[in-house]
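Enquirer: In the working numbering, the protein residues as written are 1247 to 1499.
Pasting in a structure now, in structure tokens, and then I'll have a few things to ask.
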């Protein structure tokens, strides 16, 4: 498809689902012009604060600008896996609509649609779809209701380099922090799923990820980190991050 009459925005967290949904949108010919990043304040303990530098490098590698959507200060430490909808999710969605209205006025041809990586959350999908209806734009959620195992394998085999940056579920240990989500890790997640009910994609908040390379990126990201472990949950703190140098001409000969 083509979007000669407007541009698309993509919700982007730097994680596996938003990255793969973005890739699917680009592959389908959608004219994605902006990545919308929900930006927690520095005082917030929400997940992506430790990985903001990686998210911004990912946007540079993808070649798209970022629109930051700020949230009020909230304290979500540690994550609560018992509730289906957190204050952060509700505030995130409420903050999005004015940001998308702004893009609708700024895009040549207006806002054609919104890309989202939602997989299982009826709450999120319904709210986003309703918001797009109010704005008069399309809603594209290519991962919606995908089989978790098949989707994980597709993302891994499709070329995403996925790193685990936070864990908060039963059965996880500190060694998971910073680990690459590959087929071996997926097999261990299946064991945690059988024993503890851990969702294979972390849809219950059991773990969070960032993507450091993929077919939609021109250069991979290298980063260094320290682990922060709190007994039952933990996260990484990125201490240095950079885009790797592009391959030399000689490497292609």
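Positions of the beta carbon are idealized from the N, C-alpha and C atoms, including for glycine.
Quick caveat, the model's predicted, so the values are computed rather than measured.
Can the beta-carbon of residue 1435 be found closer than 9 Å to that of residue 1392?
Expert: Numbered from 1 along the chain shown, position 189 holds the residue referred to as residue 1435. Numbered from 1 along the chain shown, position 146 holds the residue referred to as residue 1392. Cβ distance not < 9 Å, so residue 1435 and residue 1392 don't count as in contact.
Enquirer: Suppose you measure from the CA of residue 1449 to the CA of residue 1401; what does that come to, to the nearest Å?
Expert: Locating residue 1449 in the chain shown gives position 203, where the first residue counts as 1. Locating residue 1401 in the chain shown gives position 155, where the first residue counts as 1. Using only the alpha carbons, I get a separation of about 15 Å.
Enquirer: Would you say residue 1254 lies against chain C (beta-carbon separation less than 9 Å)?
Expert: The chain labelled as chain C is not found in the depicted structure, where only one protein chain is given.
Enquirer: Short of 7 Å in beta carbon distance, which residues of its chain neighbour residue 1343, apart from the five on each side in sequence? Order them along the chain.
Expert: Taking the first residue of the chain shown as 1, we reach residue 1343 at position 97. The residues are 1377.
Enquirer: Applying the 10 Å Cβ sphere with the 16-neighbour rule, what's the burial state of residue 1285?
Expert: Residue mapping note: residue 1285 aligns to position 39 of the chain shown, counting from 1. The residue is buried, with at least 16 neighbouring Cβ atoms inside 10 Å.
Enquirer: Sort 1277, 1269, 1442, 1461 by Cα distance to residue 1353 and report the nearest one.
Expert: Taking the chain shown and counting its residues from 1, one reaches residue 1353 at position 107. Comparing Cα positions, the closest option is 1277.
Enquirer: Among 1299, 1417, 1356, 1405, which one has its Cα closest to the Cα of residue 1253?
Expert: For the purposes of this step, residue 1253 is taken as residue 7 along the chain shown, with counting starting at 1. Minimum Cα distance to residue 1253 is reached at 1356.
Enquirer: When you compare the region 1413-1420 with the region 1370-1390, are there three or more beta-carbon pairs, one atom per stretch, that lie closer than 8 Å?
Expert: No contact exists between the region 1413-1420 and the region 1370-1390.
Enquirer: So which of 1420, 1470, 1341 has the shortest CA-CA distance to residue 1505?
Expert: Outside the displayed span of the chain (1247 to 1499) sits residue 1505, for which this structure offers no information.
Enquirer: Inspect the beta-carbon positions of residue 1360 and residue 1255 and report whether they are closer than 9 Å.
Expert: Counting from one through the chain shown, the residue named residue 1360 turns up at place 114. Counting from one through the chain shown, the residue named residue 1255 turns up at place 9. Against a cut-off of 9 Å, the Cβ pair of residue 1255 and residue 1360 comes out as a contact.
Enquirer: Assign residue 1440 to buried or exposed, taking buried as 16 or more other Cβ atoms, counted over all protein chains shown, within 10 Å of its Cβ.
Expert: Translated into the one-based positions of the chain shown, residue 1440 becomes position 194. Exposed, because fewer than 16 other Cβ atoms sit within 10 Å of the Cβ of residue 1440.
Enquirer: Verify whether the separation of the beta carbon atoms of residue 1210 and residue 1366 is less than 9 Å.
Expert: Past the boundaries of the shown model lies residue 1210; the chain is included only from 1247 to 1499, so the question cannot be answered.
Enquirer: Which residues in the same chain have their Cβ closer than 6 Å to the Cβ of residue 1423, if we skip the five residues on either side of it in sequence?
Expert: Mapped onto the chain shown, residue 1423 falls at position 177. Taken in chain order, the residues that qualify are 1473, 1480, 1482.
Enquirer: Taking the alpha-carbon of residue 1447 as reference, which of 1369, 1465, 1364 has the nearest alpha-carbon?
Expert: For the purposes of this step, residue 1447 is taken as the residue at position 201 of the chain shown. The residue with the shortest Cα to Cα distance from residue 1447 is 1364.
Enquirer: Ends of the beta strand (DSSP E) at residue 1278?
Expert: Against the chain shown, residue 1278 aligns to sequence position 32. Unbroken beta strand (DSSP E) run through residue 1278: 1278-1285.
Enquirer: Hey, would you say residue 1274 sits closer than 9 Å to residue 1462, going by beta carbons?
Expert: Reading the chain shown from its first residue, position 28 is the one you call residue 1274. Reading the chain shown from its first residue, position 216 is the one you call residue 1462. Their beta carbons are not under 9 Å apart, which means residue 1274 does not touch residue 1462 by this criterion.
Enquirer: Assuming residue 1261 and residue 1410 are in contact, meaning their beta carbons sit under 8 Å apart, how far apart are those beta carbons, in whole angstroms?
Expert: Along the chain shown, one-based indexing puts residue 1261 at 15. Along the chain shown, one-based indexing puts residue 1410 at 164. In fact, because the Cβ distance is near 10 Å, the residues do not count as touching under 8 Å.
Enquirer: Quick one: residues in its chain with C-beta nearer than 8 Å to the C-beta of residue 1358, no 5 flanking neighbours on either side, listed in chain order?
Expert: Residue 1358 sits at position 112 when you count from the first residue of the chain shown. Closer than 8 Å at the Cβ level, and outside the excluded window around residue 1358, lie 1249, 1251, 1252, 1253, 1254, 1276, 1277, 1383, 1384.
Enquirer: Residue 1395: which of 1362, 1371, 1437, 1369 sits nearest, CA to CA?
Expert: Stepping through the chain shown from its first residue, residue 1395 is reached at position 149. Out of 1362, 1371, 1437, 1369, 1437 has the C-alpha closest to the C-alpha of residue 1395.
Enquirer: In whole angstroms, what separates the C-alpha of residue 1258 from that of residue 1314?
Expert: Stepping through the chain shown from its first residue, residue 1258 is reached at position 12. Stepping through the chain shown from its first residue, residue 1314 is reached at position 68. Distance between the alpha carbons of residue 1258 and residue 1314: 10 Å.
Enquirer: Going along the chain, which residues of its own chain have a beta-carbon closer than 6 Å to the beta-carbon of residue 1442, five neighbours each way excluded?
Expert: Counted from its first residue, the chain shown places residue 1442 at position 196. For residue 1442, where only same-chain residues beyond five positions count, the Cβ hits under 6 Å are 1416, 1417.
Enquirer: Would you give the residue range spanned by the alpha helix (DSSP H) that residue 1381 belongs to?
Expert: The residue given as residue 1381 occupies position 135 in the chain shown. Here the alpha helix (DSSP H) through residue 1381 covers 1368-1381.
Enquirer: Buried or exposed for residue 1451, going by 16 or more other Cβ atoms inside 10 Å?
Expert: The residue you call residue 1451 lines up with position 205 of the chain shown. Buried is the call here.
Enquirer: Around the Cβ of residue 1460, are there at least 16 other Cβ atoms within 10 angstroms (buried) or fewer (exposed)?
Expert: For the purposes of this step, residue 1460 is taken as residue 214 along the chain shown, with counting starting at 1. Buried.
Enquirer: To the nearest angstrom, how far is the alpha carbon of residue 1345 from that of residue 1484?
Expert: To locate residue 1345, count along the chain shown from 1; it is residue 99. To locate residue 1484, count along the chain shown from 1; it is residue 238. Answer to the nearest angstrom: the Cα atoms are 28 Å apart.
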